[in-house]
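Chemist: The structure's right below; bear with me while I get my questions together.
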Amino acid sequence: MNGFDTRYARYADEMKRLYMQLYNNDEKAFDYFVSMLKDYESRRSPALKSWDEKRTKKSESWYMDNKRFGMLAYADCFADTLTGVREHLPYICRLGVNYLHLMPLLKSPKDRSDGGYAVSDFRTVEPRLGTMDDLADLAEDCHENGISLCLDFVMNHTSEDHEWAVRARHGDKEYQDRYFFYDGWDEPSRLEESLPEVFPTTAPGNFTWCSEAGKVVMTTFYPYQWDLNYRNPVVFNDMTANMLFLCNRGVDIIRLDATPYIWKTPGTNCRNLPEVHMLVRLMRIACEIVCPGTLLLGEIVMEPKEVVPYFGTIDRPECHLLYNVTTMASTWHTVATKDTRLLSDQLNKVFVLPKQYVFINYLRCHDDIGWGLDYAYLEQFGIEEVPHKKFLNDYFRGMIFDSDSRGELYNDDPRLGDARLCGTCASLCGIEAAIEEGDTEKIEMGLALDIMLHAFLLTLSGIPVIYSGDEIGQRNDRTYREDPAKSQDSRYLHRGKFDWEAAKRSMDGRSYEGRIRKSLCALSKIRKSHRAFVNEADTWLVPLASADGDHSVIGIGRYHKGEKIIAVFNFSPAAKTVYTEEKEKYSTLISSGNESARKKTASSGLSCMQLPGYGYSWHVIDYGK
Ligand code: GLC
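If you read the sequence shown in our numbering, its first letter stands for residue 134, the second for the next number, and so on.
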């Protein structure tokens, strides 16, 4: 049997069962689906096939090692075009980055694209950025440099300019059936009762009047993003084909955008329905059969109990990678409160998950930070959801004493008191305000916080992914306010153009840009060379006693094959002393202010540790394998 037949045989029964269940035993649609898979497999290039083989042969999955370091960038903000990105790959390599997530780059209408998340043609690159050939060339260069390329697959909706939408708009019933069309407002109004809103202020409601069709269409996100109807097998077949088309262009990681929303059932909130998991599992199987080296990254920005099921089970996995969103939000909560207890509780929940689960860890991404914290846990400290969200938003806008943060609100929903937050890492850490004030002491504190947070990020199991520009402390970009197409969407605050001048300055290790970049490089280098950072390492919270009884320091332990690492982080601007039970002779790998130290200095055990304000340190002990 050839590769396709062997892999097909492995999944045939399960695939058929799932498909038949979703699509009412539609044999014809299923047969089409299978022949489509075969077709894409036969068109996959020999180079990509050998890539698949290499990746699937490895005993330990390549993405679970400690070698991954990721970056997220808009091609145009970073380097204008795809060719520009290619030319700047040396910069990316120098940082040690080997996972590059380029934000949506397929064709989408100008000024109605939600940053590229309204795709009008899934097989054409946005002409401003280049061509499909440029994308394939970029992927090839990435592979040559050991970089995996991640791309969004915006599957919940198309742009209103997509060919299907245009036909639907002109009354073609077959194409209207690919979306959710209603003759009047009665049904949408009924459905609206159980539907939450994603963009309550920038795009309220879940439906939009389409005057050309004389009908109402479902638009969960922006009105120009029309929800696809995955109850229609043609939609699923064609969209899976679109995904495989991208995989065959060399994309290694497919980010399934807005995953929870892809199946709708009236009367529910239309999120995370069981059918969504069936669809994701089917897409995983499609990849396993056609392009087994490809990974699926699910975008589920929700509470942990909704996120984790998207890993599927060990026998029937769904996504390879998911975002560690609650840890991200809990980290910023800790910055504001200087109390690590919620973060500790969150980490404890993550630490006990199966080691096959791999998270993308991040401090921020292209989207806002939503305050989805465990409020049931916080209740014991008298912290309530609505006032706490207000406190966090005030804190990160610098409206509270001792905060120099410069964030902005996003989708402030006064009915729910549910605003979210935008800002670059450096601006949220106070660097922007400090530079404006010319206050060198504050700059030092901002830098210390920024670097400590990145050190914390790189301590966690999974793949750390930074947003392009954060490695050189790029600040907020307020020019979006002058662009009418962007001014209502404050997420553009932290999506500014990459500052190549600042990148040049960062080559001087004494500049503030250079200090962040140098620290990040040092941290990722150490991470890559210590096995205790692999995904399957044991992880735990190190019990700490503090001299003043507060909870601003957190300790994380990692262990793998004889190597043990202890990492501590001080979330307070004040110096802290903590005591541990770690009496053995550890070596210090890196510590705040000492990021360039190349040699390990043996320290005399960690029983009493002194940390400067926002200080951190990593320590290692090697018992041999
Ligand atoms: C995802 C993207 C976000 C976009 C939304 C709608 O959540 O991360 O930027 O607005 O999908 O496509």
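Glycine included, C-beta positions come from ideal geometry on N, C-alpha and C.
Beta carbon of Q513: closer than 7 Å to some heavy atom of the ligand GLC?
Modeler: Q513: no, Cβ never under 7 Å from the ligand GLC.
Chemist: Start and end of the beta strand (DSSP E) containing Y597?
Modeler: One detail in the question is off: residue 597 reads as Pro in this sequence, not Tyr. Where P597 is concerned, the enclosing beta strand (DSSP E) stretches over 596-600.
Chemist: Note down the Cα distance separating V440 from A269, rounded to an integer number of angstroms.
Modeler: Computed Cα separation, rounded: 32 Å.
Chemist: Going by alpha carbons, who is nearest to P442 out of D501, I516, S463, P393?
Modeler: Among D501, I516, S463, P393, the Cα nearest to that of P442 belongs to P393.
Chemist: Return yes when at least one heavy atom of the ligand GLC lies under 7 Å from the C-beta of E432, else no.
Modeler: Within the cutoff, so yes.
Chemist: Is any heavy atom in the ligand GLC found nearer than 7 Å to the beta carbon of Y600?
Modeler: Y600 Cβ: outside cutoff for every heavy atom of the ligand GLC.
Chemist: Would DSSP call N278 helix, strand or coil?
Modeler: N278: coil per DSSP, three-state reduction.
Chemist: Whose CA, out of D507, G647, A618, lies closest to the CA of K637?
Modeler: For the residues D507, G647, A618, the minimum Cα distance to K637 belongs to G647.
Chemist: Let me check you understand the geometry: is the CB of A636 closer than 7 Å to at least one non-hydrogen atom of the ligand GLC?
Modeler: No, the ligand GLC has no heavy atom inside 7 Å of this Cβ.
Chemist: Going by DSSP, what residue range makes up the beta strand (DSSP E) through W633?
Modeler: Per DSSP, W633 belongs to no beta strand (DSSP E); it is in the alpha helix (DSSP H), 633-638.
Chemist: Can you tell me whether I447 is buried or exposed, with buried defined as 16 or more other CB within 10 angstroms of its CB?
Modeler: Looking at its Cβ environment, which holds fewer than 16 other Cβ atoms inside 10 Å, I447 is exposed.
Chemist: Count the other CB atoms within 10 Å of the CB of K306; is the residue buried (16 or more) or exposed (fewer)?
Modeler: By the neighbour-count rule (16 or more Cβ atoms within 10 Å), K306 is not buried but exposed.
Chemist: Within this structure, are the beta carbons of A206 and L239 separated by less than 8 Å?
Modeler: Going by C-beta atoms, A206 is not nearer than 8 Å to L239.
Chemist: Any chance the region 708-725 sits against the region 600-611, with 3 or more Cβ pairs inside 8 Å?
Modeler: In short, these stretches do not touch, since the Cβ pair count stays below three.
Chemist: From the DSSP output, read off the bridge partner residues of V349.
Modeler: The partner list for V349 (beta bridge, DSSP) reads Y315, W342.
Chemist: Confirm the yes/no value for this check: CB of Y495, any heavy atom of the ligand GLC, distance under 7 Å.
Modeler: Not so, every heavy atom of the ligand GLC lies at least 7 Å from the Cβ.
Chemist: Helix, strand or coil, according to DSSP, for V701 in the structure here?
Modeler: Three-state DSSP puts V701 in a strand.
Chemist: For a test of the three-state rule: what should DSSP assign to C283, helix, strand or coil?
Modeler: If DSSP states are grouped into helix, strand and coil, C283 belongs with the strands.
Chemist: Given P597, which residues of its chain have a CB within under 7 Å of its CB, disregarding the five upstream and five downstream residues?
Modeler: Within the same chain, P597 has close Cβ partners F202, G203, N494, L590, L591.
Chemist: Taking 7 Å as the cut-off, is the C-beta of Y165 nearer than that to any heavy atom in the ligand GLC?
Modeler: No, the beta carbon of Y165 sits no closer than 7 Å to any heavy atom of the ligand GLC.
Chemist: So, are the CB atoms of G579 and I599 less than 8 Å apart?
Modeler: In this structure, I599 does not lie closer than 8 Å to G579 by Cβ.
Chemist: Do you know how far the Cα of F484 is from the Cα of K697?
Modeler: Going by the C-alpha atoms only, they are around 16 Å apart.
Chemist: Looking at V491 and Y196, is the spacing between their C-beta atoms short of 8 Å?
Modeler: In contact: Y196 and V491 (Cβ atoms closer than 8 Å).
Chemist: Does the beta-carbon of Y173, which I'm using as the reference point, lie nearer than 7 Å to any heavy atom of the ligand GLC?
Modeler: Checking the Cβ of Y173 against the ligand GLC gives no.
Chemist: Can you give me the C-alpha to C-alpha distance between A374 and P437, rounded to a whole angstrom?
Modeler: So the two alpha carbons sit approximately 30 Å from each other.
Chemist: I think L271 touches V218, with their Cβ atoms under 8 Å apart; what is that distance to the nearest whole Å?
Modeler: Indeed they touch by this definition, with Cβ atoms about 6 Å apart.
Chemist: Return the chain-ordered ranges of every beta strand (DSSP E) run that is complete within the region 357-417 and spans a minimum of 3 residues.
Modeler: The qualifying runs are 358-360, 386-389.
Chemist: Please determine, among D755, G431, I754, S685, the residue with the shortest C-alpha to C-alpha distance to C283.
Modeler: Ranking D755, G431, I754, S685 by Cα distance to C283 puts G431 first.
Chemist: What would DSSP say about E259, mapped onto helix, strand or coil?
Modeler: Coil.
Chemist: With respect to the beta strand (DSSP E) encompassing R691, which residues constitute its N-terminal and C-terminal limits?
Modeler: Start and end: 686-693.
Chemist: For the alpha helix (DSSP H) holding C210, just list the boundary residues, first then last.
Modeler: Counting along the chain, the alpha helix (DSSP H) containing C210 begins and ends at 208-212.
Chemist: Per DSSP, what kind of secondary structure is L674 in: helix, strand or coil?
Modeler: In the structure shown, L674 sits in a strand (DSSP, three-state: E or B).
Chemist: List the whole-angstrom C-beta distance separating L656 from I723, where the pair is believed to meet the contact cut-off of C-beta under 8 Å.
Modeler: Confirmed, Cβ separation roughly 6 Å.
Chemist: Can you tell me where the beta strand (DSSP E) with Y712 in it begins and where it stops?
Modeler: Its beta strand (DSSP E) spans residues 709-712.
Chemist: Would M585 and Y747 be called neighbours here (beta carbons separated by less than 8 Å)?
Modeler: Yes, they are a contact pair.
Chemist: Less than 8 Å between the beta carbons of R388 and D267, yes or no?
Modeler: Going by C-beta atoms, R388 is not nearer than 8 Å to D267.
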